[in-house]
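K.L.:
Residues in the sequence shown are numbered from 2 upward in steps of one, following the numbering used here.
Quick one: this structure, given as structure tokens, is what I'll be asking you about.
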Amino acid sequence: MDHLSSLSRLSALLAGGLGHPANYNPVMDILREEFAAEKVFFLLLSENGELAPVASAGVEPAHFRKLESASTSSRLSEVVETLAPLTIEDLSKDAHLSFLIDDNAKSLFAFPIKLSGRPAGVLAMITSPTGSPTQDTVSLVSVVSSMIGQDLRVDRSVMGQRQKLLEENTHLKQELKEKYTFKHIIGTSNPMKQVYEQITQVARSNATVLLRGESGTGKEMIANAIHYNSLRAKRPFVRVNCAALPDTLIEAELFGYEQGAFTGAGRAKKGRFELADGGTLFLDEIGDIPLQTQVKLLRVLQEREFERLGGTSTIKTSIRLITATSRDLEEAIAEGNFREDLYYRLNVFSIFMPPLRERKTDILLLAEHFLEKFETEHGKRIRRISTPAIDMLMSYHFPGNVRELENAIERAVLVCDSNVIHGHHLPPTLQTAEVSDTVTDLSLDAAVAAFEKDMIQDALKSNRGNIAKAARLLGSTERIIGYKIKKYNIDPHRFKK
């Protein structure tokens with residue numbers, strides 16, 4: 002027998018990676034041909050210790066199915082236990098496996114498949130009775146068994162990695178869903194309660210949503226919340242910042258392009274509409290897209306189809322569109338910079354995000370949320386924000402909205418050298434005359450007085466307005482602190498609540 006030729010064919014098959022053991026039928030065919038066997042079959046050891054047939058050559062379908070129940074209780078299990086070859090010279094006398102042959106006498110040879118020195122399965126063949134297999138046969142089948150074992154090891158490694166990636170993907174999706182649940186949107190003010198109600202109304206539908214509001218108010222977070230609480234939550238959520246893309250590239254990013262569509266298009270690329278198919282596409286700053294792109298976007302919304310740049314094939318799309326803008330679209334329409342028909346297509350369900358100055362009661366909640374976030378991120382231990390610092394936050398108008406507040410708290414955490422954030426830790430923009438309604442005084446006496454007043458108020462707060470305890474905390478006397486309280490017009494009763 003030309004063992005070398007058979008090994009070469011088997012090696013070529015296995016080197017390509019057969020993947021699942023059920024794809025081993027071609028290997029069984031080669032072995033059946035090589036040994037002139039009547040039947041060859043491969044049994045895989047399951048996690049619960051049972052042998053199950055996965056591939057065969059010459060075995061009838063009915064017998065293959067019957068092997069599943071007969072294998073574990075037959076002598077084939079000895080191969081798994083001993084990791085040694087097994088010979089059954091007269092298979093007709095085996096009560097469990099005799100169904101595999103006709104009335105003629107046949108022999109069965111079985112060989113262990115090992116994986117890292119442990120049993121992984123059994124390779125068996127049925128031939129005419131020839132006594133024990135020759136040394137050449139044993140050697141060849143041992144090599145084939147090792148090749149199968151190696152292929153199984155690679156397959157299981159790949160499957161393990163794939164399973165790990167699937168689990169990580171599922172875990173990340175769950176984290177995203179939890180991150181963007183309503184409870185993670187901070188705010189209890191009346192304007193925010195209205196936003197929550199609107200999200201609840203629209204999330205489970207496929208309606209197009211237009212988010213309006215100033216920059217930094219949290220429109221992207223609301224878009225995430227709508228998607229991850231919708232029927233498309235398990236599908237992609239694709240974001241595009243239209244203002245960040247040049248007019249010459251925005252169409253290519255949205256609709257994709259074919260190879261050679263323009264200079265530099267070396268290969269075809271899917272656009273964001275294709276990538277978001279079945280899920281949600283979020284177009285931020287929709288008011289900044291050029292008029293030419295607005296025409297194509299309108300067609301996608303109307304017909305649910307488009308073509309890539311340089312392409313002729315029409316691509317169908319099923320997406321849920323959420324858009325956001327900080328611009329006055331009605332004014333843009335009047336100036337001829339935004340199409341009125343596109344506006345009505347986008348403005349199916351509009352949600353207005355209130356600026357932070359209109360939700361003052363949320364400022365402290367947001368500040369404490371960001372404080373907890375950044376003290377963990379930067380490895381700090383900060384217990385609270387001092388009363389004067391809170392007053393500064395509450396009196397500021399925050400033109401940059403929530404994003405500006407977040408940046409202010411992060412800066413304060415970074416520069417804070419104690420466990421309390423004081424007013425001087427906040428950005429200079431929060432400490433100007435316009436914010437505090439005081440005359441700017443940069444003298445040393447004024448700066449010391451402001452710092453002294455801050456410390457006294459903080460001590461009073463820590464001791465619930467008790468002047469004696471506050472004095473001890475500051476290393477001073479009750480008389481001196483009492484004098485300072487009158488000097489700075491501080492009301493100790495304010496801190497007894």
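The C-beta atom is built at its ideal place from N, Cα and C for all residues, glycine as well.
If I follow the unbroken alpha helix (DSSP H) through Pro113, where does it start and stop?
P.N.:
Pro113 -> not in any alpha helix (DSSP H); beta strand (DSSP E) instead, spanning Ser108 to Leu116.
K.L.:
By the 10 Å Cβ neighbour count, where 16 or more other Cβ atoms means buried, how is Lys1 classified, buried or exposed?
P.N.:
There is no way to answer for residue 1, as the model of the chain reaches only from 2 to 498.
K.L.:
Are the CB atoms of Val296 and Arg273 within a distance shorter than 7 Å?
P.N.:
No.
K.L.:
If you drop the 5 nearest sequence neighbours on each side, which residues of the same chain put their C-beta closer than 8 Å to that of Asp95?
P.N.:
Ser75, Arg76, Ile89 and Leu109, listed in sequence order.
K.L.:
Can you name, in chain order, every residue of its own chain whose Cβ lies under 6 Å from the Cβ of Leu461, other than the five neighbours on each side?
P.N.:
Around Leu461: Ala471, Pro493 and Phe496.
K.L.:
So does the stretch 244-263 actually touch the stretch 284-301, counting three or more Cβ pairs closer than 8 Å?
P.N.:
They touch, by the three-pair rule.
K.L.:
Could you please give me the residues that DSSP links to Ile468 through a beta bridge?
P.N.:
The partner list for Ile468 (beta bridge, DSSP) is empty, contrary to what the question assumes.
K.L.:
Could you please give me the residues that DSSP links to Phe307 through a beta bridge?
P.N.:
DSSP, once it has assigned bridges, lists Ile316 as partnering Phe307.
K.L.:
Give the straight-line distance between the Cα atoms of Glu369 and Arg268, rounded to the nearest whole angstrom.
P.N.:
Roughly 49 Å between the two C-alpha positions.
K.L.:
Thinking C-alpha only, which one of Ser143, Arg163, Glu35 and Ile386 is nearest His425?
P.N.:
Measuring from the Cα of His425, the nearest candidate turns out to be Ile386.
K.L.:
I need the boundaries of the alpha helix (DSSP H) containing Asn191, first residue and last residue.
P.N.:
First-last of the alpha helix (DSSP H) with Asn191: Asn191 to Ala204.
K.L.:
Would you mind working out which of Gly311, Glu308, Thr318 and Tyr258 sits nearest Ala277, comparing C-alpha positions?
P.N.:
Ranking the options by Cα distance to Ala277, first place goes to Thr318.
K.L.:
Who are the Cβ neighbours of Tyr489 in its own chain at under 8 Å, not counting the five residues just before and after it?
P.N.:
Taken in chain order, the residues that qualify are Ala450, Glu453, Lys454 and Ile457.
K.L.:
Quick one: grab the DSSP three-state call for Pro429.
P.N.:
Pro429 falls in the helix class under three-state DSSP.
K.L.:
Going by Cα to Cα distance, which pick from Ala63, Glu61 and Ser72 is closest to Leu45?
P.N.:
When each option's Cα is compared against that of Leu45, the closest is Ser72.
K.L.:
Here's the rule: buried if 16 or more other CB atoms are within 10 angstroms of the residue's CB, otherwise exposed. What is Tyr229?
P.N.:
Tyr229 comes out buried.
K.L.:
With DSSP as the reference, label Val28 as helix, strand or coil.
P.N.:
Val28: helix per DSSP, three-state reduction.
K.L.:
Would a C-beta distance cut-off of 7 Å place Ala53 and Glu69 closer than the cut-off?
P.N.:
For Ala53 and Glu69, yes; Cβs fall inside 7 Å.
K.L.:
How would you call Ser78, buried or exposed, if buried means at least 16 neighbouring beta carbons within 10 angstroms?
P.N.:
Answer is buried; the Cβ neighbour count reaches 16.
K.L.:
Taking Gly214 and Pro400 to be in contact with their CB atoms under 8 Å, please state how far apart those CB atoms are, rounded to whole angstroms.
P.N.:
That pair is no contact at about 13 Å.
K.L.:
Distance check for Glu168 and Val145, CA to CA, integer angstroms please.
P.N.:
Distance between the alpha carbons of Val145 and Glu168 is about 34 Å.
K.L.:
Are Met393 and Leu367 close, meaning C-beta to C-beta below 7 Å?
P.N.:
No, the pair does not count as a contact, with Cβ atoms beyond the cut-off.
K.L.:
Tell me the DSSP bridge mates of Thr326?
P.N.:
In the DSSP output, where bridge partners are listed per residue, Thr326 has Arg213.
K.L.:
Suppose contacts are defined by Cβ-Cβ distances below 7 Å. Is Gly280 in contact with Arg236 by that definition?
P.N.:
Yes, the Cβ-Cβ distance between Gly280 and Arg236 is below 7 Å.
K.L.:
Does the stretch 310-317 come into contact with the stretch 254-262, if we say contact requires no fewer than three beta-carbon pairs (one atom in each stretch) closer than 8 Å?
P.N.:
At 8 Å Cβ cutoff, the stretches touch.
K.L.:
Can you give me the Cβ contacts of Leu474 inside the same chain, cut-off strictly under 7 Å, excluding the 5 residues immediately before and after it?
P.N.:
So the qualifying residues of the chain are Ala460, Ser463 and Asn464.
K.L.:
Since Val155 contacts Pro120 with CB under 8 Å, what's their CB separation in whole angstroms?
P.N.:
Contact doesn't hold; Cβ gap of about 18 Å is too wide.
K.L.:
What residues match up with Tyr258 in a beta bridge as DSSP calls it?
P.N.:
Answer is Lys270 and Leu310, bridged to Tyr258.
K.L.:
Whole angstroms is fine: what's the gap from Leu302's alpha carbon to Leu32's?
P.N.:
If I take the Cα positions, the gap works out to 59 Å.
K.L.:
Can you tell me the Cβ-Cβ gap for Val414 and Lys381, rounded? I've got them flagged as a contact below 8 Å.
P.N.:
The Cβ separation is near 6 Å, so the contact holds.
K.L.:
Could you tell me the distance, in whole angstroms, from the CA atom of Leu372 to the CA atom of Arg384?
P.N.:
About 9 Å.
K.L.:
In terms of residues, what are the limits of the beta strand (DSSP E) holding Ser351?
P.N.:
It spans Phe350 to Phe353 - the beta strand (DSSP E) in which Ser351 sits, taken as one unbroken run.
K.L.:
Starting from Lys40, trace the beta strand (DSSP E) both ways and give me its first and last residue.
P.N.:
Per DSSP, Lys40 belongs to the beta strand (DSSP E) from Lys40 to Leu46.
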